[in-house]
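The sequence shown begins at 13 in this note's numbering and counts up one residue at a time. Note that beta-carbon positions come from the ideal geometry of N, C-alpha and C, so glycine has one too. To start, the structure under review is shown below, and the notes come after it.
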Amino acid sequence: ASKEQIQEMVRLLLNLAEIPQPNDAADALAVAICHHSQRAFTNIISQGDLT
């Protein structure tokens, strides 16, 4: 995905009116979102709850 697509995804996922500035802030938030999603998925897998 392009940098602009990632920035827009972050804006939408966090329900923000504008893309976070500076641009590196959107990158950092994208990393945090990915980490959170991966962590939540790992917890579900470890509990064996795949339904």
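Go ahead and label residue i buried or exposed: buried means 16 or more other beta carbons lie within 10 angstroms of its beta carbon, across all protein chains shown.
{"i": "residue 38", "result": "buried"}
{"i": "residue 19", "result": "buried"}
Quick one, which of the options has its alpha-carbon nearest residue i's?
{"i": "residue 22", "options": "59, 42 and 47", "result": "42"}
{"i": "residue 15", "options": "40, 27, 47 and 48", "result": "40"}
To the nearest angstrom, report how far apart residue i and residue j are at their CA atoms.
{"i": "residue 60", "j": "residue 30", "result": "38 Å"}
{"i": "residue 24", "j": "residue 17", "result": "11 Å"}
With three or more C-beta pairs closer than 8 Å as the rule, is the stretch 25–34 touching the stretch 48–63?
no
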